[in-house]
DNA sequence: AATTTCAAAGCAAGCGTTTGCACACATTCT
DNA sequence: AGAATGTGTGCAAACGCTTGCTTTGAAATT
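Chains as they are written, first to last, in this note's numbering: chain S, 146 to 491; chain R, 146 to 491.
Here you go:
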């Protein structure tokens, strides 16, 4: 027989309400009673039933995590598992549990969110990507349900968000490339409706203008996704019109595709930069200069923000910016050598 | 105001119990009533409260997932995210939710399990690794709580499990290497208390003996973990005594370490095989022959088994074997070339 | 015509907590 | 001494659903 609050109450000669108040350390209960009740709880091995508690308080202490439509490349990317870890660790340390679901498309995502909300499993929801006109966000806003998004939201309202300073991250990349001698730098991004793509593009444009280089729309391309094949195709299209001396991309996998496209036409002296500091970028040939976006911190920040919100903590801010780290490797050392060996002297 | 089962009842002129029975499609309710009630539910947008339901049924429809102590290398390994995906997809398709937690050590794991069970958040638990004398398993058995483990359990009792046929997987690898000409084959495994290590070792021994090669304990080593550095150190130790012509490992990362150790002493003609078919193995130099263990299938199988169990489905078996696929690449093509180019003619 | 059988639906007691309000008693103030 | 505070607990009504047992009325059986 499972032991309940009434067992504890009977056993320590008080009412169930008193036991409940002891559990919550209510100041109206005398220290004497508290310690007596606590001793009984200990002895009986009492543990509150989360469901009953949730029902009574109408709040669960769970957060829902929506993983984006899993085009395969999203899962070879350690970004997500790292973000999940950040979320998990932060949530655990504050007594929250995480429920997750995998979806195949935006419809399914909305379906899961709907289910989480309506069945009252969770107190808040974490979205792991930010898109323009995101239907998940629209739904959550309509329902006025607490949520946080990793990435800058499309609309500037009270939405909680956590993101890198993508503008500055790219700004630094562009400066590095200019310092390395680039005069005609291309930009190959993911889909244009992701805020991360748009932010990085504007960092690119700003930096060019500040350094006195002309922006050229012929040097800017957007892929259909964040995949290697998408990056390759985009680069190939771009190459029919222009011959850049460096390429800034918004993801390592896009960068791999770009490098592929370049090498295929014999261009092995073009600098390429990726984002997300993937493992493959560290081992492939050439090793890839990349921006580490600190996914675990992004996740932890998101969880923290959301928990602050649902616990109505005072003075909680509505966003958080996570630092990035630019990691320079061979792909910007001056020459893309097929052999992958570092250019001597760089 | 949130709408409840009584609202639906009132609105369609029946009792709450009837509505509940309609929701569960109880045959004792007439079709006429069912359709009337369903129409009302639709119109009102009724959605059952999962907490209340769980409290009444004392079951939640949630499963708990315990991710192993996160030594970093476990997370660069796509095995886990893939397994999670398999679990998630299977669970979702059967109306179950997944809660997960990250732990840093076995104590924490047991703590999370205890919490899941005692607070009654979940109906069953999935363990993602199987160790000898695992305290999690011991605890779960003591509590008689339903769980499933990925990997063969240490004790042969009624424990649910799903695993590859590690014995045969290694058996095939050994045969391949012998066919390629190996006569002195080493085995470098992970920690000996993981059942996966022990199973693969016995496959190795069997295959050797069947093919008429002598087993040599000097050719067998176990690393402290599944990491690159561990693999390297183990191989280095082994090399002080022996000079094998091929190495079977139990993980790609161990294999990377092994290759490193070999190349450092100038041995570039030794065949090496890994497990888990990691991305890095596909791109590094040389590309690595590896066994794909189908992590998503392992995860899905685990979820399926556990759900069958907690729903007391008839005829549910207690384990499931998932096929592996041996993927041959350059590292067994005869010579480990530093350039990573395929040996011509192989 | 009286009795049995059966289908369909309702009653009410849980499931285990939380919490506003009431209550009893002991202090302190006029 | 009577009134006003304060302090520590208990009562009982939620929270929203499930389910064993009953009831009701009609059809089938003797």
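Backbone N, C-alpha and C define an ideal beta-carbon position, used for all residues, glycine too.
Let me confirm a value: residue i is counted as buried when at least 16 other C-beta atoms fall within 10 Å, else exposed. Which label applies?
i, result
"residue 448 of chain R", "buried"
"residue 289 of chain S", "exposed"
"residue 162 of chain R", "exposed"
"residue 369 of chain R", "exposed"
"residue 202 of chain S", "exposed"
"residue 377 of chain S", "buried"
"residue 240 of chain R", "exposed"
"residue 354 of chain S", "exposed"
"residue 276 of chain R", "buried"
"residue 246 of chain R", "buried"
"residue 236 of chain R", "buried"
"residue 170 of chain S", "exposed"
"residue 211 of chain S", "buried"
"residue 151 of chain R", "exposed"
"residue 414 of chain R", "exposed"
"residue 190 of chain S", "exposed"
"residue 283 of chain R", "exposed"
"residue 231 of chain R", "buried"
"residue 425 of chain R", "buried"
"residue 233 of chain R", "buried"
"residue 153 of chain S", "buried"
"residue 167 of chain S", "buried"
"residue 421 of chain S", "buried"
"residue 298 of chain S", "buried"
Looking only at C-alpha atoms, which of the options sits nearest to residue i?
i, options, result
"residue 351 of chain R", "R/315, R/364, R/162, R/379", "R/315"
"residue 300 of chain S", "S/310, S/280, S/319", "S/280"
"residue 416 of chain R", "R/360, R/332, R/446, R/443", "R/332"
"residue 180 of chain S", "S/191, S/200, S/157", "S/157"
"residue 96 of chain S", "S/234, S/211, S/249, S/419", "The requested residue 96 of chain S does not occur in the structure, where chain S is confined to residues 146 to 491."
"residue 427 of chain R", "R/324, R/348, R/223, R/441", "R/223"
"residue 278 of chain S", "S/256, S/439, S/251", "S/251"
"residue 399 of chain R", "R/469, R/336, R/349", "R/336"
"residue 293 of chain R", "R/441, R/154, R/272", "R/272"
"residue 327 of chain S", "S/478, S/172, S/160, S/168", "S/478"
"residue 227 of chain R", "R/257, R/411, R/159, R/439", "R/439"
"residue 307 of chain R", "R/165, R/441, R/160", "R/441"
"residue 334 of chain S", "S/303, S/349, S/412", "S/349"
"residue 206 of chain R", "R/175, R/184, R/187, R/243", "R/243"
"residue 474 of chain S", "S/452, S/410, S/453, S/432", "S/432"
"residue 213 of chain S", "S/256, S/149, S/410", "S/256"
Can you name the residues that DSSP bridges to residue i?
i, result
"residue 243 of chain S", "S/208, R/245"
"residue 269 of chain R", "R/208"
"residue 464 of chain S", "S/306"
"residue 436 of chain S", "S/420, S/471"
"residue 282 of chain S", "Its beta-bridge partners do not exist; DSSP assigns none."
"residue 276 of chain R", "R/339"
"residue 292 of chain R", "R/270"
Determine the contact status of residue i and residue j, defining contact as a CB-CB distance below 7 Å.
i, j, result
"residue 296 of chain S", "residue 362 of chain S", "no"
"residue 391 of chain S", "residue 346 of chain S", "no"
"residue 311 of chain S", "residue 344 of chain S", "yes"
"residue 366 of chain S", "residue 384 of chain S", "no"
"residue 267 of chain S", "residue 208 of chain S", "yes"
"residue 423 of chain R", "residue 405 of chain R", "no"
"residue 318 of chain S", "residue 403 of chain S", "no"
"residue 401 of chain R", "residue 263 of chain S", "no"
"residue 285 of chain S", "residue 450 of chain S", "no"
"residue 443 of chain S", "residue 466 of chain S", "no"
"residue 269 of chain R", "residue 455 of chain R", "yes"
"residue 265 of chain S", "residue 195 of chain R", "yes"
"residue 476 of chain R", "residue 430 of chain R", "no"
"residue 436 of chain S", "residue 408 of chain S", "no"
"residue 329 of chain S", "residue 389 of chain S", "yes"
"residue 342 of chain S", "residue 274 of chain S", "no"
"residue 309 of chain R", "residue 469 of chain R", "yes"
### Query
Fully enclosed by the segment 188–233 of chain R, which alpha helix (DSSP H) runs are 4 residues long or longer?
195–202, 218–221
### Message
If we require 4 or more residues per run, which alpha helix (DSSP H) segments fall completely within the segment 377–421 of chain S?
### Response
397–409
### Query
What are the start and end residues of each continuous beta strand (DSSP E) run of 3 or more residues lying completely inside the segment 294–376 of chain S, in chain order?
305–309, 330–334, 365–367
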